[in-house]
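**Student:** In the working numbering, the protein residues as written are 163 to 447. For glycine and all other residues, C-beta sits at the position ideal for the given N, C-alpha and C. Supplied in structure tokens, the structure appears directly below.
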Amino acid sequence: MANMLSLKRRIKTAQNVSKTTRAMQMIAASKLKRAQTAATLSKTYVNKLSEITKNVVTKTGENNSHAYMKKNNDIDRKLVIVLSPDKGLCGGLVFNLAREIIKEDTKNPYYVVIGKKAENVILKLDREILGIFPFGTTLPTFDVVYPIIKLVNDTFLEGKVSEVQLLFTDFTSVFAQSPTVKTILPLQFDTQENIKNCDDMLFEPSVEKLLPNLLEHYLEMILYQGFLDNYASEQASRMIAMKNATDNANDIINELKLEYNKSRQERITNEILDIGSGFFGIKNE
């Protein structure tokens, strides 16, 4: 009897877990749909913006003259911007990101940390953090890039670091996300192959006026694309993790129910045997 009561409690607990993980799976799936659309559309825009920016840089012939395209070789230190979730329960995403952080942690870089999970890792490494920001639990808006761009300008443009890298989880598909390191400063464009394509292009206003604003916007979009990819990766990982958790909980429920039914059947059989034994005992008397 005690064993059956224990099995009932375990079945109830597993059912509650299954309901919770199923709800979290549905929430993540709902968020993923919007995030996937935003990340895909943004990538198309960034690719086109990259092409336009390359054309302007080619036209000006200033591939190395703008501050965003100059590497400070006098400083052997970099700035790493790390994007991570604020919350867990998203499979191996946080672990893979932490492993990449440790791998990239060479020459004592500066860090700008977005997200609680990366903050916990980098604080344990005891590194110098220039800024800490929450990642949030909703689809990132473009406003998130402005305070980070300010920090980038305060470090890279003032010659405190040689380069700026972005560490985030790249969203390829629902089932494929990988931690990625991208050098976002100095900006680099292969203009040699693009010279002929720009000969017949006209720009208004002049490319000299257009270039500074265009480069800054391009940098902002690279950063924002990282936010969108990271958010979509988080939701995809969480959806899959919660689906696996729900499936595992349901498997446990089925196993416990089978064990419960066996115990119940055994109990009923024993009771029937007791009744039969008692009946024949009385009859023999």
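Output the distance between the C-alpha atoms of residue 331 and residue 223, rounded to the nearest integer angstrom.
**Tutor:** For the purposes of this step, residue 331 is taken as the residue at position 169 of the sequence shown. For the purposes of this step, residue 223 is taken as the residue at position 61 of the sequence shown. Taking the straight line from one Cα to the other gives about 34 Å.
**Student:** With residue 217 and residue 363 assumed to form a contact (beta carbons below 8 Å), what rounded beta-carbon distance in angstroms separates them?
**Tutor:** Here residue 217 corresponds to residue number 55 of the sequence shown, with the count starting at 1. Here residue 363 corresponds to residue number 201 of the sequence shown, with the count starting at 1. Confirmed, Cβ separation roughly 6 Å.
**Student:** Can you check the region 344 to 409 for any alpha helix (DSSP H) of at least 4 residues that lies completely inside it and give the ranges in chain order?
**Tutor:** Listed in chain order, the complete alpha helix (DSSP H) runs (minimum 4 residues) inside the region 344 to 409 are 357 to 360.
**Student:** For the region 164 to 243, which segments carrying the alpha helix (DSSP H) assignment without a break, of at least 4 residues, lie completely within its bounds, in sequence order?
**Tutor:** Within the region 164 to 243, the complete alpha helix (DSSP H) runs of at least 4 residues are 164 to 222.
**Student:** Per DSSP, what kind of secondary structure is residue 332 in: helix, strand or coil?
**Tutor:** Walking along the sequence shown from the start, residue 332 turns up at place 170. In this structure, residue 332 counts as strand in the three-state DSSP scheme.
**Student:** In this structure, does DSSP put residue 246 in helix, strand or coil?
**Tutor:** On the sequence shown, residue 246 is found 84 positions in, with the first residue counted as 1. Here residue 246 sits in coil by DSSP.
**Student:** In its own chain, which residues sit with a C-beta less than 7 Å from the C-beta of residue 165, not counting the 5 before and 5 after it?
**Tutor:** Stepping through the sequence shown from its first residue, residue 165 is reached at position 3. Contacts found: 425.
**Student:** In angstroms with no decimal places, state the Cα-to-Cα distance between residue 190 and residue 401.
**Tutor:** Numbered from 1 along the sequence shown, position 28 holds the residue referred to as residue 190. Numbered from 1 along the sequence shown, position 239 holds the residue referred to as residue 401. Straight-line Cα distance between these residues: approximately 5 Å.
**Student:** Looking at residue 415: is its Cβ nearer than 8 Å to the Cβ of residue 185?
**Tutor:** Working through the sequence shown from its first residue, we reach residue 415 at position 253. Working through the sequence shown from its first residue, we reach residue 185 at position 23. In this structure, residue 185 does not lie closer than 8 Å to residue 415 by Cβ.
**Student:** Identify every residue that forms a DSSP beta bridge with residue 273.
**Tutor:** Mapped onto the sequence shown, residue 273 falls at position 111. Residue 273 is bridged to 242, 291.
**Student:** Tell me whether residue 268 sits in a helix, a strand or coil according to DSSP, three-state version.
**Tutor:** To locate residue 268, count along the sequence shown from 1; it is residue 106. Residue state, collapsed to three classes: coil.
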